[in-house]
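Each remark here refers to the structure printed beneath this line.
Protein chains in written order, with this note's numbering: chain R, -5 to 215; chain F, -10 to 229.
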């Protein structure tokens, strides 16, 4: 049963190629976060607008994003939209799928953060003569960012890991894609995927640590 | 001058103000006493337009607070309010808490706003706490900061809504001392309070509220010394 001989050298030789893939992984994750954040802000605004149509669309988005597999969301972006004649490359489909997922989770995160800031804070600002916009901008928003920051970091880590689902739509340039191709050629599955896992782990940890350092500098209270 | 004329206000089916009339002159200190739910705090939040009213009118220096054409943001620069819960802005230092509104609302320069903030904070005894975050301070200190924050807007009238009610007993004194100081400086104030001794000392007039009605109003010697309203007599007997 344990007659398998490890061939780590073969995997290590492919390390530069895998690190190139890791850069693509990071790129997709970062872009998906930027797009996701912008969409989440828009979704939050829709939910707060009091408009039933806008609110309904936003809530449906959040519900689907949070309660269906991320794999399906990426599949839909590639093959699902393909049925309607919208053909997205694996890269774009992966980006769209993850951004969709990010937006849903982040919108919910924003909503929670907004609820965490008591109305009396706005009231205190208004009583000093601030307009509603000023009270939001200078009093509520900065406090909201603090509440939302660490959960948003988790979403960033989750986005990095989700990129690996790209292989299912033919993505071959990111870390998972590169690893899969190397595996297909060598069948050194354990070695290649273990090395890839280490790289994912290091990236995820680095993001978490960087976020913590950033948070301690930004939020000193 | 603040003129309150026949003001009525309901929350749902509960009428909390049943036709209040009260005029407060410049430089006057009026305290409002009464049991919980008597409508006294509601009246304060109506004066600076944080709450709408159902009938009557409130005039501040001739401007009708609840008129549609009134710029409430502008009016509130004139009428400062401090709440029972001090509502410190936790993400800002003590100095920044006080500087924020002068900068953003009055559009003062950073230096000018800082000068005013330092002056007001020193005035309330917090000159040593400028760079501290409010959550690191006691409730009494936070409440004094909230007072400085309101004063930094140079309001012409100050409203104090039970500002000592949420404080630990040993911290009440320092906040009352601050209010006494303001009163002695001629600040026009309306204070809703449960501190009878304080009301007796600082007030030009004391108003007693009962179930949404101003049952009695008189100078402190008369109101405390010879109360006429039977509900006031009961109230004073219970609080002494």
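Ideal Cβ positions, reconstructed from N, Cα and C, are used throughout, including at glycine.
- With contacts defined by Cβ atoms closer than 8 Å, residue 182 of chain F and residue 151 of chain F form a contacting pair.
- Residue contact with chain F for residue 123 of chain R: present (Cβ-Cβ distance below 8 Å to some residue of chain F).
- The continuous alpha helix (DSSP H) containing residue 172 of chain R extends over residues 169 to 180.
- Within 7 Å of the CB of residue 215 of chain R, the CB atoms of chain F belong to 79, 80, 122 and 124, in sequence order along the chain.
- The alpha-carbon of residue 118 of chain F is positioned some 29 Å away from that of residue 37 of chain F.
- In the three-state reduction of the DSSP assignment, residue 78 of chain F falls in the coil class.
- The closest CA to that of residue 129 of chain R, considering only R/137, R/150, R/136 and R/119, is found on R/119.
- Counting along the chain, the unbroken beta strand (DSSP E) around residue 45 of chain F starts and ends at 44 to 49.
- If you draw a 10 Å sphere on the C-beta of residue 4 of chain R, you find fewer than 16 other C-beta atoms in it, and that means exposed.
- Between the alpha carbons of residue 106 of chain R and residue 31 of chain R lies a gap of roughly 15 Å.
- Within the same chain, Cβ atoms closer than 7 Å to the Cβ of residue 37 of chain R are found at 52, 55, 56, 97 and 101, the five residues on either side in sequence being excluded.
- In the structure shown, residue 54 of chain R adopts helical secondary structure according to DSSP, grouped into three states.
- Here residue 168 of chain R is buried. Its C-beta has 16 or more other C-beta atoms within 10 Å.
- Counting only unbroken stretches of 4 or more residues, the alpha helix (DSSP H) elements lying wholly within the stretch 98 to 143 of chain F are 99 to 112 and 128 to 140, in sequence order.
- If only complete runs of 4 or more residues are kept, the stretch 9 to 42 of chain R shows the alpha helix (DSSP H) at 9 to 42, in order along the chain.
- Just so you know, the alpha carbons of residue 204 of chain F and residue 196 of chain F end up roughly 8 Å apart.
- At a C-beta separation below 8 Å, residue 94 of chain F has these neighbours in chain R: 122, 123, 124 and 128.
- Look at the beta carbons and you see the stretch 46 to 54 of chain F not touching the stretch 74 to 89 of chain R: under three pairs across the two are nearer than 8 Å.
- Annotation: the continuous beta strand (DSSP E) that includes residue -5 of chain F extends over -9 to 0.
- The Cβ of residue 169 of chain F sits no closer than 8 Å to any Cβ of chain R.
- At a cut-off of 8 Å between C-beta atoms, residue 211 of chain R does not count as an interface residue with respect to chain F.
- In the structure shown, residue 199 of chain F adopts extended strand secondary structure according to DSSP, grouped into three states.
- By the Cβ criterion, the stretch 170 to 189 of chain R is in contact with the stretch 153 to 161 of chain R, since at least three pairs of Cβ atoms, one from each stretch, lie closer than 8 Å.
- Within chain R, the C-beta atoms nearer than 8 Å to that of residue 142 of chain F come from 122 and 123, in chain order.
- For residue 56 of chain F, no chain R residue has a C-beta closer than 9 Å to its own C-beta; the minimum C-beta separation is roughly 17 Å.
- Between the alpha carbons of residue 126 of chain R and residue 71 of chain R lies a gap of roughly 39 Å.
- Residue -2 of chain F counts as buried, since at least 16 other C-beta atoms from the protein chains shown sit within 10 angstroms of its C-beta.
- Identification of chain F residues near residue 136 of chain R by a Cβ-Cβ cut-off of 7 Å yields 80, ordered along the chain.
- Taking C-alpha positions only, residue 86 of chain F is separated from residue 71 of chain F by approximately 14 Å.
- Contact annotation: residue -7 of chain F and residue 11 of chain F have beta-carbon atoms nearer than 8 Å.
- With at least 16 other beta carbons inside 10 angstroms of its own, residue 146 of chain F counts as buried.
- According to DSSP, residue pairing for residue 7 of chain F in a beta bridge involves F/-3.
- When F/81, F/212, F/27 and F/206 are compared, the shortest CA-CA separation from residue 186 of chain F is found for F/212.
- Three or more Cβ pairs closer than 8 Å define a contact, and the stretch 17 to 35 of chain R meets that threshold against the stretch 140 to 157 of chain R.
- For residue 147 of chain F, the enclosing beta strand (DSSP E) starts and ends at 146 to 150.
- For the stretch 105 to 119 of chain R, residues whose beta-carbon sits nearer than 7 Å to a beta-carbon of chain F comprise 114, 115, 117 and 118.
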